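Asker:
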Amino acid sequence: MSDRDIKKATTQVNQNEGLIMEKSSPGKKGYKLPPLDVPAVNISKMLGDLERRDDIAAELPEVSEIEIIRHFTRISTWNYAVDYGMYPLGSCTMKYNARINEVVARLDGLAGAHPYQPEKLSQGAMKILQLLSECLIEITGMDAITLQPAAGAHGELTGVLLVRAYLESQGNPRKKILIPDSAHGTNPATAAIAGYAVENLKSNQKGMIDLNALEKQVTEDIAALMLTNPSTIGVYESDIHHIAGILHRKGALLYMDGANMNALCGKTQPGKNGVDVMHLNLHKTFSTPHGGGGPGSGPVACKKILEPFLPTPVVIEKSDGTLGFDYNRPKSIGRVRAFYGNFGMHVRALAYILANGPDGLRQTTEDAVLNANYIRKKLEGIYELPYKTQTLHEVVFNDRIQQRKGVKTGDIAKRLIDYGFHSYTVSFPLIVPGALMIEPTESESKEELDLFIDAMKAIAKEAEDEPDTVLNAPHTTRISRLDEVRAARQPILRWKKQAKYAAE
Amino acid sequence: MRYLPKSPSDRDQMLREIGVRSIDDLFAPIPPDAQVKGGLNIPRQMAESEILDYFRQRASENALGYSSFLGAGAYNHYRPVVIDSLISRGEFFTAYTPYQPEISQGTLQSIFEFQTMICELTGMEVANASMYDGSTAATESVMMADRITGRTGAVVARSVHPEYREVLATYAKNQGMSIAEVGYQENGRADLSELEEAITDKTSCVLIQSPNFFGTLEDVAAVADIAHKKGALLVVAIAEAVSLGIVRPPVEADVVAMEAQSFGVPVGFGGPYAGVIATKEKFVRQIPGRLVGETVDRQGRRGFVLTLSTREQHIRREKATSNICTNQALIALMATIFMTVYGREGIRELAQQNLAKAAYAAEEFGRKGKVLFSGAPRFNEFVVQTKEEPRAINDRLLERKIVGGFPLKKFYPELGNAALWCCTELTTRAAIDAAAKEVA
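The listed protein sequences derive, respectively, from chains A and B.
Sequential numbering of the first sequence, starting at 1, is according to my numbering.
Sequential numbering of the second sequence, starting at 1, is according to my numbering.
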């Protein structure tokens, strides 16, 4: 491969930069405090033994402002980002993060609002919570919502606790949660934390819920089924009504993992199709930035029967027409987080919804599904498609064809980096051995998709003709493949002054 | 829609190449009667200028231009402008979890720096890449203590943030974990004899907060002795991280659960914030959440990766240490930049200013009101008891553009007319003097 074969990427000067602690020297300062306008205090007298003395001073770096700017700017350029190009991580929904969202979230009256400031001085914030709630209730087709959970997995826990509280109020919380083998790892981990045993549900040959198996497995012990819809292979469960029916007949509930709501938003409302409770990931479907791994936000929408159990507090309209927080909810599962959740993410998600409106949300979903199907069409045959079932917003191939030359999905993912793209999701879902899970989202133009498809085709050819090129990828990054085994065997989880490094 | 990079002819061409007639064909798996008809009932599509207008109006309906004495788990410290300048780089805020380390070294290195600085501050040996917030970090620390000790149940001081305790109660209830709460002494510290009595051979840990909810510093070493003697661990929660600039870190603790909001994160109506769990090296395999570790690439160059992930849900599923998946990377980055700006000397000077302002305010308020819990050192918060209802005082203060202390009746009715006041480096002497006049 020569450089001109790679249409998207080229190399540029990349700055080296050590750890910020390594730039520190005593006496350098990046701060200036105003003079103290009250009398200074005698610290030793005030704190006694509890004073932090020099022998255990916090050795934070001492650097100037320009060094801080350069340090973090330099290391930032070592990241790939949505702003650079397509980021097709399946099930992560890496879409464009609109700049207006960042501007409005930083407005003084919002970013500077203290969670305990008087309600009469928090009406604007509460109106935002209320309007976002109304929009999300409409989008999901549910009756009620809590915005408190801080992330998707936190939302799952909240949702399962709602199920538990409801069943308990009916006399029996039951023992098990059914989870399909295609589910995200958070689902079983959540069920365990909520005090439930996990029962695995095998997918059928189409990668969908096997209705007969479900019918057999749903007993009086089952509290709920946690269903990701569309599933992690992008397949919509057309029989969701029947699935809900089977559960409901046995007194169990249907929980929907809304991680893949970007395939449905504005097209179908889960609450009107049998789902009792679901979480949303505002950082996926509603464009709040992923921030290198968080913050997220995981609101939970539910049916009327679950509403009494929602976490406290909830926003209500008071008799004088103003908004307030209602803490008097005797059936509530309690709090899942201090204060009211990740408000800054609520602001951004609402800005996204307002920028779209009903027609924009629908078009967004249609484009996301169009993009995924376009990739599927263009790459099918070049990569094996293990499930032929029609898919919506993502497509999952496997590496069986490439494995003949010893090239695995992880290698293809690394090679994709050289072509100027972020990798897709590797080795997930578990029902597809050697999976390549691709979710383009709506944010990619046809030109960008074509570049991606060309890159994937070129890599498939390389895997055939010169597998070493793929096996040793990436070749263009500032560092090559890292020794993960060593990282885990001899964990170095912090910098120490005396440490000797291989790089030195 | 301005975020969508396709012309109508692009869409037509793609549909043709896929081999379908219309977009509806791609949605065929959703039965027609399950599809939305006529569009969702949400506000119409807005222009950017309208969106800005809408949120400006909402912002103006909130408190603006007030001096505030509110703390209680959310602290109003100055945020150096370099923080927003740097975290607004798309490379940071539009990236995701660093699953591909070769193109995520920026995020990974910054988390490694975060872990390092948190260890320095807390006196612990390892710190994770962050949790949702202080309340969930405290809760997950208790669950961690359960796993380490094989016991189930915690003794919790009532001087721990009430909302942290509520979150713990929610989690505990469903895991068969018993929670015993113990009261506080006249000096505001956890009642040690009550605490000692409450610890049984089933207690996995003692949870205290220092500075505690009243702003009082706990005697961490004494509590550690009591807990350890009975085979329980000590978890220390820290809600006001700036205190660590001047207050001795809780080195006797086994786990520190900290809220990092004070480090350059907006109070933001309660979130997003960043929690942290820091602990001893020997407990690292029981720590929840992500960890970044140092390693080398094939040429021996230093690099960083997510590590020890066999603890986590995507590998261990229902046997994982926690169901947490995300961390609060961008918020942790804010905190990292904040700690870097202040550095070794600055964090101390900053903490000193907080201490001095609160000491001055307590003295001024003490002239007419009664400052409770003297007799033990405090950091930047204190409780004032008054003859009058705090709400009445606060209403008068609002007219002077001052938001008064946090009324405690809801959480501590036994304290009567009491409120929790907080001063930071941003609280001016003029505001303190003005407020002191109304506190009686």
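Even glycine gets a Cβ: it sits at the ideal position worked out from N, Cα and C.
Everything numeric in this text was worked out from a predicted model, so none of it was measured.
(1) Using a threshold of 8 Å, state whether the C-beta atoms of Ala191/A and Asn174/B are closer than that.
(2) By DSSP's criteria, Phe339/A is part of a beta bridge. Which residues make up the other side?
(3) Within 8 Å (strictly less), CB to CB, does Thr285/A reach chain B?
(4) Is Leu397/B closer than 8 Å to Glu438/B when the C-beta atoms are compared?
(5) Below 8 Å on C-beta distance, what does Cys119/B contact in chain A?
(6) Rounded to the nearest angstrom, what separates Leu420/B and Ala301/A at their Cα positions?
(7) State the start and end residues of the unbroken alpha helix (DSSP H) segment that holds Met142/A.
(8) Cβ closer than 7 Å: which chain B residues qualify as neighbours of Asn342/A?
(9) List the residues of chain A whose Cβ lies closer than 9 Å to the Cβ of Val284/B, in chain order.
(10) Relative to the C-alpha of Tyr80/A, which residue among Glu215/A, Met94/A, Ile68/A, Thr364/A is closest?
(11) How about Glu252/B: is its C-beta nearer than 8 Å to some C-beta of chain A?
(12) Can you tell me whether Val13/A is buried or exposed, with buried defined as 16 or more other CB within 10 angstroms of its CB?
(13) Would you say His505/A and Ser91/A are within 8 Å of each other, going by their C-beta atoms?
(14) Going by C-alpha to C-alpha distance, which of Gln205/A, His241/A, Ser332/A, Pro311/A sits closest to Pro299/A?
(15) With H, G and I counted as helix, E and B as strand and the rest as coil, what does DSSP make of Ile83/B?
(16) How far does the beta strand (DSSP E) with Ala189/A in it extend, from its first residue to its last?
(17) Are Cys423/B and Lys370/B closer than 8 Å when you measure CB to CB?
(18) Contact check, Glu140/B vs Ser309/B under 8 Å by CB: the rounded distance?
(19) So with Cβ pairs under 8 Å, would you call Ser60/B a contact of chain A?
(20) Between the Cα of Val163/A and those of Leu253/A, Lys457/A, Tyr87/A, spot the shortest distance and give me the residue it belongs to.
(21) Between the Cα of Asp49/A and the Cα atoms of Pro8/B, Ser67/B, Ala222/B, Asp84/B, which residue gives the shortest distance?
(22) I'd like to know if Thr524/A contacts chain B, where contact means its C-beta is closer than 8 Å to some C-beta of that chain.
(23) Using a C-beta to C-beta distance shorter than 9 Å, which residues of chain A count as neighbours of Arg248/B?
(24) Measure the alpha-carbon distance for Lys216/A versus Ser203/A and round it to whole angstroms.
(25) From which residue to which residue does the beta strand (DSSP E) around Pro180/A run?
(26) Tell me whether Arg58/B sits in a helix, a strand or coil according to DSSP, three-state version.
(27) Can you tell me whether Glu17/B is buried or exposed, with buried defined as 16 or more other CB within 10 angstroms of its CB?
(28) Taking the straight line between their C-alpha atoms, what separation do you get for Ile238/B and Pro162/B?
(29) Is Ala150/A closer than 8 Å to Gly271/B when the C-beta atoms are compared?
(30) Does the distance from the CB of Leu4/B to the CB of Thr364/A come in under 8 Å?
(31) Please look up how many angstroms separate the CB atoms of Val470/A and Ile375/A, rounded, as I've assumed it's under 8 Å.
(32) What residue does the alpha helix (DSSP H) around Gln498/A start on, and which one ends it?
(33) Let me check one thing: in DSSP terms, what residues is Arg378/B bridge-paired to?
(34) Is it the case that the stretch 394–403 of chain A contacts the stretch 80–95 of chain B, given that we only count it when at least three CB pairs across the two stretches are under 8 Å?
(35) Using only the alpha-carbon positions, how far apart do Arg165/B and Arg89/B sit?
(36) Answer with buried or exposed for Asn200/A, where buried requires no fewer than 16 other C-beta atoms within 10 angstroms of its C-beta.
Answerer: Per the coordinate set shown:
(1) No, the Cβ-Cβ distance between Ala191/A and Asn174/B is not below 8 Å.
(2) None, per the DSSP bridge assignment.
(3) Judged by the 8 Å Cβ criterion, Thr285/A is not in contact with chain B.
(4) Yes, the pair counts as a contact, with Cβ atoms nearer than the cut-off.
(5) Proximity of chain A to Cys119/B at the Cβ level (cut-off 8 Å) is accounted for by Arg494, in chain order.
(6) Whole-angstrom Cα-Cα distance: 35 Å.
(7) Run containing Met142/A: none; DSSP gives neither H nor E here.
(8) Here the neighbours are Gly271, Pro272.
(9) Within chain A, the residues near Val284/B are Pro491, Leu493.
(10) Of the candidates Glu215/A, Met94/A, Ile68/A, Thr364/A, the one whose C-alpha sits nearest the C-alpha of Tyr80/A is Met94/A.
(11) It does not: the Cβ of Glu252/B has no partner Cβ on chain A nearer than 8 Å.
(12) So Val13/A ends up on the exposed side.
(13) As displayed, chain A neither begins before 1 nor continues past 504, which places residue 505/A out of reach and without an answer.
(14) The option with the nearest alpha carbon to Pro299/A is Pro311/A.
(15) Three-state result, Ile83/B: helix.
(16) Here Ala189/A belongs to no beta strand (DSSP E); instead the alpha helix (DSSP H) covers 186–193.
(17) No. Outside cutoff.
(18) Glu140/B to Ser309/B, Cβ: 17 Å. No contact.
(19) Closer than 8 Å to the CB of Ser60/B there is at least one CB belonging to chain A.
(20) Of the candidates Leu253/A, Lys457/A, Tyr87/A, the residue whose Cα lies closest to the Cα of Val163/A is Leu253/A.
(21) Of the residues Pro8/B, Ser67/B, Ala222/B, Asp84/B, the one whose Cα lies closest to the Cα of Asp49/A is Ala222/B.
(22) There is simply no residue 524/A to check, as chain A begins at 1 and stops at 504 in what is shown.
(23) Simply Leu47, Asp49, Leu50, Glu51, Arg52, Arg53, Ile56.
(24) Going from the Cα of Lys216/A to the Cα of Ser203/A covers about 14 Å.
(25) Its beta strand (DSSP E) spans residues 176–180.
(26) Helix, per DSSP.
(27) Around the CB of Glu17/B, fewer than 16 other CB atoms lie within 10 Å, so the residue is classed as exposed.
(28) Taking C-alpha positions only, Ile238/B is separated from Pro162/B by approximately 13 Å.
(29) Yes.
(30) Yes, these two residues count as a Cβ contact at 8 Å.
(31) With a Cβ gap of about 19 Å, Val470/A and Ile375/A do not count as contacting.
(32) Per DSSP, Gln498/A lies in no alpha helix (DSSP H) segment and is marked neither H nor E.
(33) DSSP, once it has assigned bridges, lists Thr216/B as partnering Arg378/B.
(34) Contact between the stretch 80–95 of chain B and the stretch 394–403 of chain A is absent, because fewer than three Cβ pairs lie under 8 Å.
(35) Per the coordinates, the alpha-carbon of Arg165/B lies some 37 Å from the alpha-carbon of Arg89/B.
(36) Exposed is the label assigned to Asn200/A, since fewer than 16 other Cβ atoms lie within 10 Å of its Cβ.
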